[in-house]
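Colleague: After the structure tokens below, expect a handful of questions from me.
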DNA sequence: CCATACCGTATGTATATACATGTATGTGGC
DNA sequence: GCCACATACATGTATATACATACGGTATGG
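Protein chains in written order, with my numbering: chain G, 1253 to 1410; chain L, 1253 to 1410.
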């Protein structure tokens, strides 16, 4: 092994270069960092603004439906909404028919925070789109949407 | 508002559909879930296998360099390696010249675990590549690599 | 040669994420 | 109506992630 790597290390080195999980996670960290920095003045993290945007588009909605929309576990959503409830941006109410169900919606503060944050969201989005180039963005978004569908139809049911 | 959405909610609904942060994170959750399920028999999570692969390709390396490679904070790396050190897969040794520096490398158990996991990694990678289609993968990987470079050159230094 | 600034890493705190499990509620068969 | 089962959500535990800060080690100017 002239390069100083064992055979399995050589394989691993090749694998990591094309690993879809590694690259998707690395890119999501980088993009989240940029969004977080630009969104800092709003007091919202990128994840939290995404949550507000999804809720605002579909409110009122159940935790399970929110989890489906986010391709996230419902126990995760149950927790990620907590800081936003504490901050008074999201409210939840028990369904009167089926008391197991929580209906999630934005408070008026939530709507206001969303409205204030959207211009900075646009800044971050434009900044990244400019760096990547329009054609890259055009191919990236559909590819990411395809990838996001993997979890729901696959192993999930097996 | 015939659709029942306020103006800002309508904007937010449009924004989230094209948000690079939201879509990248959603895709990374979906892909990570598939990898985690397929890798379950190895006892390694997708994130941990990625770590082992990167370390094996460049060992020994400093925590800061590992953080750069992962586009992650060095304080994050300092913690994410802990479960792997505890499991005996990764070892760290203090540099004899500069005792601030920790040199990270795989133990023999780490090399063995990596070797055992690689076939399942290949299963997961192939499974997802097949679902996405070869041309999508070919466009996705370079786009993700471009995106991953955003963090290092941008706001980071400002 | 010491004070100070700088560098590499760790810790405190907070959020994000998911699996296993628990709890409360609803539903259907008998 | 009661019991088994299913459904919706929460909690326990563990890992991933990052910022502010602390701490020890190194280098450097005076």
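For every residue, glycine included, the Cβ atom is placed at its ideal position computed from N, Cα and C.
Once DSSP output is grouped into helix, strand and coil, what is the label at residue 1348 (chain L)?
Modeller: Residue 1348 (chain L): coil per DSSP, three-state reduction.
Colleague: Quick one: Cα of residue 1379 (chain L) to Cα of residue 1352 (chain L), how far?
Modeller: 43 Å
Colleague: From residue 1308 (chain G) to residue 1294 (chain G), what does the alpha carbon distance come to, in whole angstroms?
Modeller: 17 Å
Colleague: According to DSSP, simplified to helix, strand and coil, what is residue 1333 (chain G)?
Modeller: In this structure, DSSP gives residue 1333 (chain G) a state outside helix and strand, which the three-state scheme calls coil.
Colleague: Looking at chain G, is there any beta carbon in it that lies within less than 8 Å of the beta carbon of residue 1327 (chain L)?
Modeller: no
Colleague: Report the neighbours of residue 1377 (chain G) on chain L: residues whose CB is nearer than 7 Å to its CB, in chain order.
Modeller: Correct list: 1271 and 1272.
Colleague: Have a look at residue 1388 (chain G) and residue 1298 (chain G) and give me their C-alpha separation to the nearest angstrom.
Modeller: 21 Å
Colleague: Let me see if you follow: with CB-CB separation under 8 Å, is residue 1286 (chain G) close to chain L or not?
Modeller: yes
Colleague: State the DSSP-derived secondary structure class of residue 1357 (chain G), mapped to helix, strand or coil.
Modeller: strand
Colleague: Specify whether the segment 1268-1280 of chain L and the segment 1276-1287 of chain G touch according to this definition: at least 3 beta carbon pairs, one from each stretch, less than 8 Å apart.
Modeller: yes
Colleague: Could you give the C-beta distance for residue 1306 (chain G) and residue 1292 (chain G), rounded to a whole number, given that I count them as a contact under 8 Å?
Modeller: Incorrect: roughly 21 Å between the Cβ atoms, too far for contact.
Colleague: Counting only the same chain and skipping the five closest in sequence on each side, list residues whose C-beta sits under 6 Å from that of residue 1287 (chain L).
Modeller: 1298 and 1376
Colleague: Going by other Cβ atoms of all chains shown within 10 Å of its Cβ, with 16 needed for buried, is residue 1348 (chain L) buried or exposed?
Modeller: exposed
Colleague: Output yes or no for whether 8 Å exceeds the beta carbon distance between residue 1267 (chain L) and residue 1396 (chain G).
Modeller: Taking C-beta atoms as the reference points, residue 1267 (chain L) and residue 1396 (chain G) fail to come closer than 8 Å.
Colleague: What residues match up with residue 1368 (chain L) in a beta bridge as DSSP calls it?
Modeller: Bridge partners of residue 1368 (chain L): none, in fact.
Colleague: Closer than 8 Å by C-beta to residue 1331 (chain G): which residues in its own chain qualify, once you throw out the five before and the five after it? Chain order, please.
Modeller: none
Colleague: Please list the residues of the segment 1308-1341 of chain G that have a C-beta atom closer than 7 Å to any C-beta atom in chain L, keeping them in chain order.
Modeller: 1308, 1309, 1322, 1323 and 1324
Colleague: With DSSP collapsed to three states, give me the class of residue 1259 (chain L).
Modeller: helix
Colleague: Residue 1355 (chain G) CB to nearest chain L CB: under 8 Å?
Modeller: no
Colleague: Output the distance between the C-alpha atoms of residue 1259 (chain G) and residue 1402 (chain G), rounded to the nearest integer angstrom.
Modeller: 32 Å
Colleague: Along the alpha helix (DSSP H) that carries residue 1316 (chain G), what are the first and last residues, could you check?
Modeller: 1315-1322
Colleague: So, is the C-beta of residue 1383 (chain L) closer than 8 Å to a C-beta in chain G?
Modeller: yes
Colleague: Expressed to the nearest angstrom, what Euclidean distance is found between the alpha-carbon atoms of residue 1359 (chain G) and residue 1301 (chain L)?
Modeller: 41 Å
Colleague: Quick check on residue 1297 (chain G) - is its C-beta less than 8 Å from some C-beta in chain L?
Modeller: False, the Cβ-Cβ gap to chain L never drops below 8 Å.
Colleague: Does DSSP put residue 1270 (chain L) in a helix, in a strand, or in coil?
Modeller: helix
Colleague: Rounded to whole angstroms, what's the CA-CA distance from residue 1393 (chain G) to residue 1323 (chain G)? Just pull it up for me.
Modeller: 16 Å
Colleague: What does residue 1260 (chain L) touch in chain G if you count any residue whose Cβ is under 9 Å from its own?
Modeller: 1308, 1363, 1364, 1366, 1367 and 1370
Colleague: Please report how far the alpha carbon of residue 1304 (chain G) lies from the alpha carbon of residue 1311 (chain L), in whole angstroms.
Modeller: Distance from the CA of residue 1304 (chain G) to the CA of residue 1311 (chain L), rounded to the nearest whole angstrom, comes to 42 Å.
Colleague: Hey, is residue 1393 (chain G)'s beta-carbon within less than 8 Å of any beta-carbon in chain L?
Modeller: yes
Colleague: Would you say residue 1351 (chain G) lies against chain L (beta-carbon separation less than 8 Å)?
Modeller: no
Colleague: So which residues on chain L does residue 1388 (chain G) lean against when the C-beta distance must stay under 7 Å?
Modeller: 1395 and 1398
Colleague: What in chain G is Cβ-close to residue 1280 (chain L), meaning under 7 Å?
Modeller: 1276, 1277 and 1280
Colleague: Taking 8 Å as the CB-CB cut-off, is residue 1302 (chain L) touching chain G?
Modeller: At least one chain G Cβ lies under 8 Å of residue 1302 (chain L).
Colleague: Out of curiosity, what's the CA-to-CA distance linking residue 1263 (chain L) and residue 1338 (chain L)?
Modeller: Those two C-alpha atoms are separated by around 48 Å.
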